[in-house]
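Student:
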Amino acid sequence: MNTERTAGVRDALDRVEREREQVLAKRRAVERFERRVRKLATQSDHPPAGTARATACGTAPVPTATRRDAGAGPGRQRVRELFAETIRPHSVSDVNGSEPLAVTIREEFGPEVATVLSPDAGSRFTPAVKEAVVSAATDRKRGLDGMCRALNAEERSLRAALAVLDECENWLGRADATPLSELGFDALRWRHETLAEHREACDRVVRERQRHLDGATRHTASVEIDHRFLAEYLYEDRATDYPVLTAAARVVGVCVDCQRAVRDHLVRRV
Numbered sequence: 111m112n113t114e115r116t117a118g119v120r121d122a123l124d125r126v127e128r129e130r131e132q133v134l135a136k137r138r139a140v141e142r143f144e145r146r147v148r149k150l151a152t153q154s155d156h157p158p159a160g161t162a163r164a165t166a167c168g169t170a171p172v173p174t175a176t177r178r179d180a181g182a183g184p185g186r187q188r189v190r191e192l193f194a195e196t197i198r199p200h201s202v203s204d205v206n207g208s209e210p211l212a213v214t215i216r217e218e219f220g221p222e223v224a225t226v227l228s229p230d231a232g233s234r235f236t237p238a239v240k241e242a243v244v245s246a247a248t249d250r251k252r253g254l255d256g257m258c259r260a261l262n263a264e265e266r267s268l269r270a271a272l273a274v275l276d277e278c279e280n281w282l283g284r285a286d287a288t289p290l291s292e293l294g295f296d297a298l299r300w301r302h303e304t305l306a307e308h309r310e311a312c313d314r315v316v317r318e319r320q321r322h323l324d325g326a327t328r329h330t331a332s333v334e335i336d337h338r339f340l341a342e343y344l345y346e347d348r349a350t351d352y353p354v355l356t357a358a359a360r361v362v363g364v365c366v367d368c369q370r371a372v373r374d375h376l377v378r379r380v
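In this note's numbering, the protein residues as written are 111 to 380.
#1: Distance check for E292 and D129, CA to CA, integer angstroms please.
#2: Once the 5 residues before and after G253 are set aside, which same chain residues still bring their CB inside 7 Å of it?
#3: Taking R321 as the reference, which of R360, V354 and T113 has the closest Cα?
#4: Around the Cβ of V126, are there at least 16 other Cβ atoms within 10 angstroms (buried) or fewer (exposed)?
#5: Tell me which same chain residues have a C-beta within less than 7 Å of the C-beta of V361, skipping the five on either side of it?
#6: For I197, which of helix, strand or coil comes out of DSSP?
#7: What do you get for S267, buried or exposed, if any count of 16 or more other CB atoms within 10 angstroms of its CB means buried?
#8: Going by DSSP, what residue range makes up the beta strand (DSSP E) through T327?
#9: For the alpha helix (DSSP H) containing E265, name the first residue and the last one.
#10: Which of helix, strand or coil does DSSP assign to E127?
#11: Please determine, among A151, L272, T236 and P237, the residue with the shortest C-alpha to C-alpha distance to T113.
#12: Please name the residue in I215, A260, Y352 and L298 whose C-alpha comes closest to that of V243.
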């Protein structure tokens, strides 16, 4: 039974699914970037000693390969291009917007890699630079994997809560089909007790949800994704940051009102 009281939880489930799709798409983009960077050839940190002697003596021209190693080369520029092609579209809302590429790289890979890939840092694509970029991409994939695990945990929490709330809502819908005036004393007492059971079920939903929000999903040995911060991020543009707690409170409110009406009828029958 899809009611307005639990609509916020369903909306939250949709939001989690959209976010997970975006995270998975970004992870695939980072994986493509890493794979293509690994294929790039590196340049030596220092030109071969023999070449330097030949050049100093003026006895032989500098070989083409050596000129490429000694010159600017396209290495780091190509890495920036690959980042713009693969990861940037999944990192900014407007690919053609004003955010500089260097800022996007810093947001995704951290300040050290952003500095290494800065045009001001030169163009030589050394093994050390390559390793730094590949390592940052690997770490970013792990971070996105952690985010997926946190989103999966959020989905399980939402679905568990919705199952209980839907059961309460379905029972209320069936109970409303029979007016209280048509119920005998025992049936009224049973309805009052059942409403109390549903209130307790909603209270358990609240406790379980609070326990989930107070937890975290491990990202790395030293970094965790806080579930409460994740929920605030996911639902910041929604009517409430706490869809489960809001829905449970609404269902409990209906149960309280129904119990009050049942008690009124019980008193009249005494």
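Here a beta-carbon is modelled for each residue, glycine too, at the ideal position from N, C-alpha and C. In this text, all values refer to a predicted model and were calculated from it rather than measured experimentally.
Tutor: Put simply:
#1: What sits at residue 129 in the sequence shown is Glu, not Asp. C-alpha separation (whole angstroms): 49 Å.
#2: H329
#3: V354
#4: buried
#5: R115, L275, C278, E279 and C312
#6: coil
#7: Residue environment for S267: buried (at least 16 other C-beta atoms within 10 angstroms of its C-beta).
#8: A326 to R328
#9: P237 to D286
#10: In this structure, E127 counts as helix in the three-state DSSP scheme.
#11: L272
#12: I215
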